[in-house]
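Trainee: Heads up: the sequence shown begins at 2 in this note's numbering, then just goes up one per residue. Backbone N, C-alpha and C fix where the C-beta goes; we use that ideal spot for every residue, glycine too. I'd like to ask some things about the structure below.
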Amino acid sequence: MRTSLLLTAVLLLIIFFPDWVIYKTIKNHVQKRWLIIVHWLSTFVFLLGILLLFFFVRSSHDEDQLQLFMWFNWLLLLVYIPKLILSVFILLNNIIHKIFPFVRHTLAYIGLFLAAVFFVGFIYGAMRGRFDVVTTHVKISFPSLPPAFDHLKIVQISDLHLGNFGHEPRFWDNIVRKINAEKPDIIVMTGDMMNNFANEVTPYDIERFSHLNAPYGKFAILGNHDYGDYTHWSSSAAKRANLDSLEQRERRMGFRLLLDEHVFVKKGDDSIAVAGVQNWSKPPFHCYGNLAKAMQDIIHFPFVLLLTHDPNHWMAQVVDYPTIFLTLSGHTHGMQFGINRFGLHWSPAEWMFKQWDGLYCYHQTKYLYVNRGLGYVGVPMRLGMPPEISVITLNCADKQ
């Protein structure tokens with residue numbers, strides 16, 4: 002009981018802190034009654050939104066409610082974060098003003114500017130940023146790569162979350178065109194085809210993605226969302242049937258679904274192994290993957306490409322296998338927010354993942370590439386971490 006009261010008090014403090022600071026500023030410096038009314042009215046709407054959000058969290062059973070839930074998330078952040086930024090700078094300005102009286106409103110104006118930047122940025126991220134796909138080209142050299150696979154081109158996509166794009170078919174048509182224009186040898190999809198429900202993958206999606214061309218194969222694995230763990234099911238049988246339906250749909254797209262197993266890709270007299278595990282994650286995510294099973298009989302195979310959804314898997318288990326030289330993951334989305342310009346590469350994702358976006362190397366022999374994904378979850382926006390198609394070219398070591 003005490004814990005619940007404490008958490009409630011902390012939550013109320015977090016919610017009302019920026020409103021109280023801004024209210025005091027308006028009252029002391031602006032003194033316009035209508036501004037005070039507007040201010041507290043916006044606060045009331047914000048709290049009402051939180052209550053509605055709680056209702057949808059408790060009763061979310063279908064995809065339409067999930068979309069509404071995500072837009073509520075975005076709207077609440079759109080209102081709260083700029084207010085929080087502004088209130089912090091106002092508070093700092095007041096403290097510094099008492100120490101240095103000649104500093105009057107400088108920090109408050111800076112806070113107002115940053116709040117406006119975040120406000121506009123969140124609108125851009127929802128209206129445009131989530132559709133601004135970038136194609137990233139990476140070249141990696143391996144001493145152990147069989148000569149026939151020199152210049153092998155792999156296109157990686159991840160985290161499609163198709164249910165979020167029900168009214169944006171042109172987005173996916175453009176993705177297919179972009180991928181085929183790269184003329185890949187292999188295409189891989191590293192999990193989270195859907196949010197919760199197999200019927201998010203429509204017949205049109207199946208037809209669309211079946212047009213992806215890769216002469217040496219299209220391979221896919223499951224991500225944490227693909228198991229339907231984030232919704233309510235009438236029975237375990239219904240949940241299993243949903244997963245079975247998704248697997249069938251991915252196969253109809255032309256993907257070879259790798260469920261703790263491996264296949265061989267042959268080119269001339271050489272071959273490499275492509276292994277894939279079911280979702281392997283740390284709590285609070287469920288763990289289904291079995292890497293030992295996927296690597297059975299190929300532990301000493303000269304070159305193994307591994308598909309695993311969660312990049313945390315790489316350091317936890319994967320690097321212990323001597324011949325898994327390249328691992329491809331997704332899952333993080335780059336937290337859909339951050340910066341990757343002007344020499345800066347940062348996102349809140351790094352608070353949860355040691356490897357969260359781009360290329361990583363272990364002992365100069367093993368590599369991990371983390372794809373930011375094409376879709377989104379939580380909030381319908383991307384800002385500074387755009388959706389990504391990865392084009393990874395493998396070279397023999399003496400042909401950088």
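1) Roughly how many angstroms lie between the CA atoms of V177 and F101, to the nearest whole one?
2) List the whole-angstrom C-beta distance separating C362 from Y370, where the pair is believed to meet the contact cut-off of C-beta under 8 Å.
3) Among all the DSSP beta bridges, which residues are the ones paired with E389?
4) Please check the pair G167 and S211, which I expect to be a contact at CB under 8 Å, by giving their CB distance rounded to whole angstroms.
5) Between V380 and M71, how many whole angstroms is the CB-CB distance? I'm expecting something under 8 Å.
6) As a quick exercise: from L49, F198, D186 and R105, pick the residue whose alpha carbon is nearest that of Q68.
7) Is N95 helix, strand or coil by DSSP?
8) Straight-line CA distance for W234 to K240?
9) Any idea if N243 is buried or exposed, counting beta-carbon neighbours within 10 angstroms, 16 or more meaning buried?
10) Given a cut-off of 7 Å, decide if A274 and F265 are closer than it, judged by their beta-carbon atoms.
11) Please tell me whether A109 and F132 are closer than 7 Å, where the distance is taken between their beta carbons.
12) Using DSSP with H/G/I as helix, E/B as strand and the rest coil, what is M336?
13) Please say whether T333 and A317 have beta carbons closer to each other than 7 Å?
14) Closest to R105 by CA distance: which of L93, I15 and L115 is it?
15) Let me check understanding here. Comparing Cα to Cα, which of K179, N165, Y217 and R171 lies closest to N200?
16) To the nearest angstrom, how far is the alpha carbon of N396 from that of V139?
Mentor: The answer reads as follows:
1) Straight-line Cα distance between these residues: approximately 59 Å.
2) Their Cβ separation, rounded to whole angstroms, is 10 Å, which puts C362 and Y370 out of contact at 8 Å.
3) The partner list for E389 (beta bridge, DSSP) reads V135.
4) Rounded, the Cβ-Cβ distance is 19 Å, inconsistent with contact.
5) Confirmed, about 6 Å.
6) When the alpha-carbon of Q68 is set against those of L49, F198, D186 and R105, the nearest one is in F198.
7) Per DSSP, reduced to three states, the secondary structure at N95 is helical.
8) Whole-angstrom Cα-Cα distance: 6 Å.
9) Here N243 is buried: its Cβ has 16 or more other Cβ atoms, across all protein chains shown, within 10 Å.
10) Taking 7 Å as the cut-off, the beta carbon of F265 is found closer than this to the beta carbon of A274.
11) No, these two residues do not count as a Cβ contact at 7 Å.
12) Helix, per DSSP.
13) Between A317 and T333, the C-beta spacing is not below 7 Å.
14) Nearest option by C-alpha distance: L93.
15) The residue with the shortest Cα to Cα distance from N200 is N165.
16) Distance between the alpha carbons of N396 and V139 is about 11 Å.
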